[in-house]
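A.B. asks: Read top to bottom, the protein sequences are chains A and B.
For the record, in the first sequence the residue sitting at position 155 is 155 according to our numbering, with numbers rising by one throughout.
For the record, in the second sequence the residue sitting at position 31 is 31 according to our numbering, with numbers rising by one throughout.
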Amino acid sequence: MTDPLETLAQHVAERVLDLIVNALDVNALVRHLDVNALVGRVDVNALMRQVDVNALLDRVDVPALLGRADVNALLDRVDVGALLSRVDVNDLVSRVDMDTLVEQTDLGAVIAKSSGGAATEALDAARSQAVGLDQFIDRWAQRALRRRHQAPAGPPALLNGQAES
Amino acid sequence: MSAGTHADRSVTAQGHYAGSVSRFLAYAIDITSSSAVFGLALAAISYVAKVVTGHEVSWNRGNVVVAAVFVAWEFLYFGYSWAASGKTFGMAVLGIRVVMADGSPVEPRRGVLRALVFPLSFLLFGLGFLGILVQRERRALHDLIACTAVIYAWDARAARLRFLARAASPGTGGDRAP
C-alpha cells in the first residue's frame, strides 16, 4: 500500500523542485550576495594547511608546462640593460676567487704560456726572495732594538689605499 | 718556506717600505750597470780618438777629469732616474721605487736633491745607510733629507698568478717559481 503513495510523493517532490528551480533567478540571487563578506569569513590559512602542496606539485608535469611557455617571447620582454645596470659588476668580480680560477681552469695554462718566460720567472723569484730576506733582517733588527711598538709598514697614503681596496 | 708562501708574502708587502737586501741589490746592479756603460763610453771615445788622431788614448783611474766625469755621470744616472720615474734600472729589476715620505709620487726636484745628498750617506763608514735598518720607516740619511722613502712597487699579484699558472700547468716550470 505504501509503495504507490511513496512513488507519487517522490514525483510530486521532484515536480515541485523543478518548478522552484525554474522560478529562481540565480543571477539575481548572486547579485544579492555579499561575496567579499563571504570570502572574508573563509580562513584561507586553515584551508591552505589542509592542502598537501608537495603532492600538488608532484602532479604538475613541469617539462610539459615549460614546453607550453614561449621562453623567447618572455626574454624579449626582459630589459637586459636595466637588469645589468642593477648588477654591481665590481662586487661580483671581487667575489671571484682568482687563485682557484687559475688553478682549476685552462686560464692558468694561458697565463703560463703568455707570460711564463724564463726571465720573468727568474725576476719573480729574485724579487720574492729579496722580500723574504728583507723581512728576515728586519725582524732581527726590531728584536735587537727591542722595539715595543710596531713600526708602520708603509707610507700612510699607500696603506690607506690598500685598506680601501 | 714554500714557493706559494713566498708569493703570498710578496703580494702583501706591496706598498710597504723596502728593506735593506732589496735596496742593496738594486744599488749593486745600478753601480755595475752605470759603471759598465761609463766604461763602454770611454772605450768608444778611445776608439774614435785613435781612428781620428792615430794615437792611442788610455784612461787612467787617477785622472781627475775622468773621475769628475764619472761622478757627474753617476749623478746624472741616479738623479735623472729618480726625478723622471722614481726608480733606477736596478730598482726596476728589484721592483722597488722612490716615493715621497707620505707615499705620493716623488717630485722631480726631490729626486734630484736625493741624488745630490746621496753621497752623504757614505760618510762616516756608511752610517747614513743605517737608517734602512734602524729607522722606523727604513729611511736612510738621504731619504730623510730629501723627504723620500723607498717602497716595494712591483706587480706581485700578477707574479703570484704566474706562479699558480705554472704550478697548475705541467711542463711549464712547476715548482721553480718564487
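We treat Cβ as the ideally placed atom computed from N, Cα and C, and that holds for glycine.
Report the neighbours of B:T16 on chain A: residues whose CB is nearer than 7 angstroms to its CB, in chain order.
C.D. replies: Position 16 of the second sequence holds residue 16 of chain B. Reading off the sequence shown, one finds His at residue 16 of chain B, where the question assumed Thr. Ordered by position in chain A, the residues that pass the 7 angstroms Cβ test against B:H16 are A153, G154.
A.B. asks: The ligand GDP and B:T12: does the residue's C-beta get closer than 6 angstroms to at least one heavy atom of that ligand?
C.D. replies: The model on display carries no ligand, and the ligand GDP is accordingly not part of it.
A.B. asks: Against chain B, does A:D138 count as a neighbour if the rule is that its beta carbon must be under 7 angstroms from one of theirs?
C.D. replies: On the first sequence, position 138 is the one that residue 138 of chain A refers to. It does; some Cβ of chain B falls within 7 angstroms.
A.B. asks: By the three-class DSSP mapping on this structure, what secondary structure does B:T148 have?
C.D. replies: Position 148 of the second sequence, counting from 1, holds the residue named residue 148 of chain B. It is a strand residue.
A.B. asks: Give the C-beta separation of B:V93 and B:V99 to the nearest angstrom, bearing in mind that I take them to be a contact with Cβ-Cβ under 8 angstroms.
C.D. replies: The residue given as residue 93 of chain B occupies position 93 in the second sequence. The residue given as residue 99 of chain B occupies position 99 in the second sequence. B:V93 to B:V99, Cβ: 18 angstroms. No contact.
A.B. asks: Compare the C-beta of A:V131 with all C-beta atoms of chain B and state if any pair is closer than 7 angstroms.
C.D. replies: For the purposes of this step, residue 131 of chain A is taken as residue 131 along the first sequence, with counting starting at 1. Output row for A:V131: interface = yes.
A.B. asks: At the 7 angstroms Cβ level, is B:I132 part of the contact set with chain A, yes or no?
C.D. replies: Numbered from its first residue, the second sequence carries residue 132 of chain B at position 132. By this cut-off, B:I132 is not an interface position.
A.B. asks: Return helix, strand or coil for A:R41, following the three-state DSSP convention.
C.D. replies: Position 41 of the first sequence holds residue 41 of chain A. A:R41 falls in the coil class under three-state DSSP.
A.B. asks: Using 7 angstroms as the threshold, is the C-beta distance between B:W73 and B:F38 below it?
C.D. replies: Working through the second sequence from its first residue, we reach residue 73 of chain B at position 73. Working through the second sequence from its first residue, we reach residue 38 of chain B at position 38. Contact: yes.
A.B. asks: With DSSP as the reference, label A:D127 as helix, strand or coil.
C.D. replies: As a position in the first sequence, residue 127 of chain A is number 127, starting the count at 1. Just to set this straight, residue 127 of chain A is Arg in the shown sequence, not Asp. A:R127: helix per DSSP, three-state reduction.
A.B. asks: Look at the alpha carbon of A:G40 and the alpha carbon of A:D79, and state the distance between them as a whole number of angstroms.
C.D. replies: Residue mapping note: residue 40 of chain A aligns to position 40 of the first sequence, counting from 1. Residue mapping note: residue 79 of chain A aligns to position 79 of the first sequence, counting from 1. Rounded to whole angstroms, A:G40 to A:D79 spans 39 angstroms at the Cα level.
A.B. asks: Please list the partners that B:I29 has in chain A, where partner means a Cβ-to-Cβ separation under 9 angstroms.
C.D. replies: Locating residue 29 of chain B in the second sequence gives position 29, where the first residue counts as 1. Under the 9 angstroms cutoff, chain A gives no residues; its nearest Cβ is about 10 angstroms from B:I29.
A.B. asks: Per DSSP, which one or two residues make a beta bridge with B:V98?
C.D. replies: On the second sequence, position 98 is the one that residue 98 of chain B refers to. B:V98 is bridged to B:V150.
A.B. asks: Taking the C-alpha atoms as reference points, what is the distance between A:D138 and B:G19?
C.D. replies: Within the first sequence, the letter at position 138 stands for residue 138 of chain A. Within the second sequence, the letter at position 19 stands for residue 19 of chain B. Going by the C-alpha atoms only, they are around 7 angstroms apart.
A.B. asks: Just the chain A side, please: which residues come within less than 9 angstroms of B:I151 by C-beta, in chain order?
C.D. replies: What you label residue 151 of chain B is simply residue 151 of the second sequence in a count that begins at 1. Residues of chain A passing the Cβ test: G154, P155, L158.
A.B. asks: What residue range is occupied by the uninterrupted alpha helix (DSSP H) comprising A:Q150?
C.D. replies: Here residue 150 of chain A is taken as the residue at index 150 of the first sequence, counted from 1. Per DSSP, A:Q150 belongs to no alpha helix (DSSP H) and is neither H nor E.
A.B. asks: Can you check whether the C-beta of B:G95 is within less than 7 angstroms of a C-beta belonging to chain A?
C.D. replies: What you label residue 95 of chain B is simply residue 95 of the second sequence in a count that begins at 1. Closer than 7 angstroms: yes.
A.B. asks: Just to confirm, is the Cβ distance from B:G252 to B:R97 under 7 angstroms?
C.D. replies: Chain B is shown from 1 up to 178; residue 252 of chain B falls before or after that span and cannot be answered.
A.B. asks: Who are the neighbours of B:G19 on chain A, taking C-beta pairs under 7 angstroms?
C.D. replies: For the purposes of this step, residue 19 of chain B is identified with residue 19 of the second sequence, where counting begins at 1. Neighbours of B:G19 on chain A, chain order: D134, Q135, I137, D138.
A.B. asks: Taking only the alpha-carbon atoms, compute the straight-line gap between B:A101 and B:E137 and give it to the nearest angstrom.
C.D. replies: Locating residue 101 of chain B in the second sequence gives position 101, counting from the first residue. Locating residue 137 of chain B in the second sequence gives position 137, counting from the first residue. When rounded, the distance between both Cα atoms is 9 angstroms.
A.B. asks: Can you give the Cα-Cα distance for A:N36 and A:D97, rounded to whole angstroms?
C.D. replies: The residue given as residue 36 of chain A occupies position 36 in the first sequence. The residue given as residue 97 of chain A occupies position 97 in the first sequence. In a straight line, the C-alpha of A:N36 is about 56 angstroms away from that of A:D97.
A.B. asks: Just how far apart, CA to CA, sit B:L141 and B:V52?
C.D. replies: The residue labelled residue 141 of chain B in the question sits at position 141 within the second sequence. The residue labelled residue 52 of chain B in the question sits at position 52 within the second sequence. In a straight line, the C-alpha of B:L141 is about 46 angstroms away from that of B:V52.
A.B. asks: Any Cβ of chain A within less than 7 angstroms of the Cβ of B:W190?
C.D. replies: Residue 190 of chain B lies beyond the stretch modelled for chain B, which goes from 1 to 178, so this question has no answer here.
A.B. asks: With H, G and I counted as helix, E and B as strand and the rest as coil, what does DSSP make of A:P155?
C.D. replies: Your numbering for residue 155 of chain A matches position 155 in the first sequence. Three-state result, A:P155: coil.
A.B. asks: Excluding the five sequence neighbours on either side, which residues of its own chain have a C-beta within less than 6 angstroms of the C-beta of B:A84, listed in chain order?
C.D. replies: As a first step, residue 84 of chain B must be located in the second sequence, where it is residue number 84. Nothing meets the Cβ criterion.
A.B. asks: Determine the burial state of A:E121: buried for a count of at least 16 other Cβ atoms within 10 Å of its Cβ, exposed for fewer.
C.D. replies: For the purposes of this step, residue 121 of chain A is taken as the residue at position 121 of the first sequence. Per the 10 Å Cβ criterion, buried.
A.B. asks: From the beta carbon of B:G103, is the nearest beta carbon of chain A less than 7 angstroms away?
C.D. replies: Residue mapping note: residue 103 of chain B aligns to position 103 of the second sequence, counting from 1. For B:G103, the answer is yes, since a Cβ of chain A falls inside 7 angstroms of its Cβ.
A.B. asks: For chain A, find out if any of its Cβ atoms is closer than 7 angstroms to the Cβ of B:R114; answer yes or no.
C.D. replies: Residue numbering aside, residue 114 of chain B sits at position 114 when the second sequence is read from its first letter. Output row for B:R114: interface = no.
A.B. asks: Are the CB atoms of B:A156 and A:P155 nearer to each other than 7 angstroms?
C.D. replies: The sequence position of residue 156 of chain B within the second sequence is 156, counting from 1. The sequence position of residue 155 of chain A within the first sequence is 155, counting from 1. No, these two residues do not count as a Cβ contact at 7 angstroms.
A.B. asks: Please determine, among B:L127, B:A153, B:G131, B:R110, the residue with the shortest C-alpha to C-alpha distance to A:R127.
C.D. replies: As a working mapping, residue 127 of chain A is identified with position 127 in the first sequence. The option with the nearest alpha carbon to A:R127 is B:A153.
A.B. asks: Considering just the uninterrupted stretch of the alpha helix (DSSP H) at B:R110, what are its terminal residues?
C.D. replies: Walking along the second sequence from the start, residue 110 of chain B turns up at place 110. B:R110 -> alpha helix (DSSP H) spans 108 to 117.
A.B. asks: Please report whether the beta-carbon of B:A159 lies at a distance below 7 angstroms from any beta-carbon of chain A.
C.D. replies: Here residue 159 of chain B is taken as the residue at index 159 of the second sequence, counted from 1. Taking Cβ atoms only, chain A reaches closer than 7 angstroms to B:A159, which makes this a yes.
A.B. asks: Cβ closer than 7 angstroms: which chain A residues qualify as neighbours of B:A13?
C.D. replies: Taking the second sequence and counting its residues from 1, the one referred to as residue 13 of chain B is at position 13. The answer, in chain order, is V131.
A.B. asks: So, is A:S85 buried or exposed, given that buried needs 16 or more other C-beta atoms within 10 angstroms?
C.D. replies: To locate residue 85 of chain A, count along the first sequence from 1; it is residue 85. Exposed.
A.B. asks: According to DSSP, B:P105 sits in a beta bridge with which residue or residues?
C.D. replies: Counted from its first residue, the second sequence places residue 105 of chain B at position 105. Paired residue(s): B:V99.
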